[in-house]
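Peer 1:
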Amino acid sequence: MYFYDKATNGFYIEGLHEIPADATEIDEESYRNLLEGQATGKQIIANKQGNPVLVDPQPSAAHELNLETLQWTISKEKQLALFNKEKEALLNRLADKADEIKTNLLVGYPQTEIESFYRQEKEALAWQADNKVDTPMLKQIARVRGVPFEVLVGKVIEKASQFAVAIGVIIGQRQAFEDKLLGLSSQKELDELKKEIEEWKFQAN
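Just so we're aligned: the sequence shown equals residues 27 to 231 in this note's numbering.
(1) Can a CB atom of chain C be found closer than 7 angstroms to the CB of residue 76?
(2) Pull up the DSSP beta-bridge partners for residue 43, would you.
(3) Taking C-beta to C-beta, are residue 46 and residue 60 nearer than 7 angstroms?
(4) I need the DSSP call for residue 60, collapsed to helix, strand or coil.
(5) Given that a residue counts as buried once 16 or more other Cβ atoms are within 10 Å of its Cβ, and exposed if not, what is residue 30?
(6) Quick check on DSSP: helix, strand or coil for residue 48?
(7) Let me know the secondary structure DSSP gives residue 31 once reduced to three states.
(8) Apart from the five residues just before and just after residue 113, which ones in its own chain have a Cβ nearer than 8 angstroms to its Cβ?
(9) Looking at residue 74: is its Cβ nearer than 7 angstroms to the Cβ of residue 96?
(10) When DSSP labels each residue in this structure, what does residue 100 get in the three-state scheme?
(11) Nearest CA to the CA of residue 157: which residue from 127, 196, 218 and 179?
(12) Rounded to whole angstroms, what is the Cα-Cα separation between residue 230 and residue 35?
(13) When you compare each of 188, 86, 124 and 122 to residue 107 by their alpha carbons, which one comes out closest?
(14) Taking the straight line between their C-alpha atoms, what separation do you get for residue 122 and residue 214?
(15) Should residue 146 go down as buried or exposed, given a rule of 16 or more other Cβ atoms within 10 Å for buried?
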């Protein structure tokens, strides 16, 4: 004999378990059908009579089950709150994605060198404007690397310019995504934008 208890949403087998007082008896076929349905992704709940039935999984914590129709429903207020919460989460994901793309541009550079980029550019631009200014970092890089100082300055300025352009592209794309996100009004649009953001890759053009 098989039993279902609404309070625990659990099954009990006579002779194997202690049967709760309010448990409902079910036949073996129903028991197996319920477990098979659960294995395919369905959810087992108690209907108005306290009997176990299969329903689709709860779409979100904001959805409530209509025991008359056994369909999940959500109020407009909760739907709007859930939609806005998803938009906020995607906005945070967008920021993370932009950081990931920027980080990928720096793959191969040690952190010590990355941290020196601003100082290198500052010294290079200062020397370009006035070749009498002191440039201690660049002088040492040129000396140890064995390249003419003027050549190094040109390389630093060129690389800094290229990186600035790349960062500008990333910022512009992130802001374009953000503008689009803030203007969304449907779940379908939000789902499409999620996919678009996850597929976003750096493109210089």
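Just so it is clear, CB atoms sit at the ideal spot from N, CA and C, and this is done for glycine as well.
Peer 2: Once the coordinates are examined:
(1) Included in the structure is just one protein chain, with no chain C present.
(2) Counting from 1 along the sequence shown, the entry for residue 43 is found at position 17. Looking at the DSSP assignment, residue 43 forms a beta bridge with 40.
(3) Taking the sequence shown and counting its residues from 1, the one referred to as residue 46 is at position 20. Taking the sequence shown and counting its residues from 1, the one referred to as residue 60 is at position 34. The answer is no: Cβ separation not under 7 angstroms.
(4) Numbered from 1 along the sequence shown, position 34 holds the residue referred to as residue 60. In the structure shown, residue 60 sits in a helix (DSSP, three-state: H, G or I).
(5) The count along the sequence shown starts at 1 and reaches residue 30 at position 4. Residue 30 is buried by the Cβ-count criterion.
(6) Against the sequence shown, residue 48 aligns to sequence position 22. Assigned with DSSP and collapsed to three states, residue 48 falls in coil, not helix or strand.
(7) Within the sequence shown, residue 31 is the residue found at index 5, counting from 1. Of the three classes helix, strand and coil, the one that applies to residue 31 here is strand, per DSSP.
(8) In the sequence shown, the residue the question calls residue 113 occupies position 87. Annotation for residue 113: 207, 208, 210 and 216 place their beta carbon closer than 8 angstroms to its own, counting only its chain and skipping 5 residues before and after.
(9) One-based indexing of the sequence shown puts residue 74 at position 48. One-based indexing of the sequence shown puts residue 96 at position 70. Contact: no.
(10) Counting from 1 along the sequence shown, the entry for residue 100 is found at position 74. Coil at residue 100, not helix or strand.
(11) Position 131 of the sequence shown, counting from 1, holds the residue named residue 157. Measuring from the Cα of residue 157, the nearest candidate turns out to be 179.
(12) Within the sequence shown, residue 230 is the residue found at index 204, counting from 1. Within the sequence shown, residue 35 is the residue found at index 9, counting from 1. Using only the alpha carbons, I get a separation of about 56 angstroms.
(13) Stepping through the sequence shown from its first residue, residue 107 is reached at position 81. Here the closest residue by C-alpha is 86.
(14) If you number the sequence shown from 1, residue 122 lands on position 96. If you number the sequence shown from 1, residue 214 lands on position 188. Cα to Cα, the separation comes out at about 22 angstroms.
(15) By 1-based counting over the sequence shown, the position of residue 146 is 120. Result: buried.
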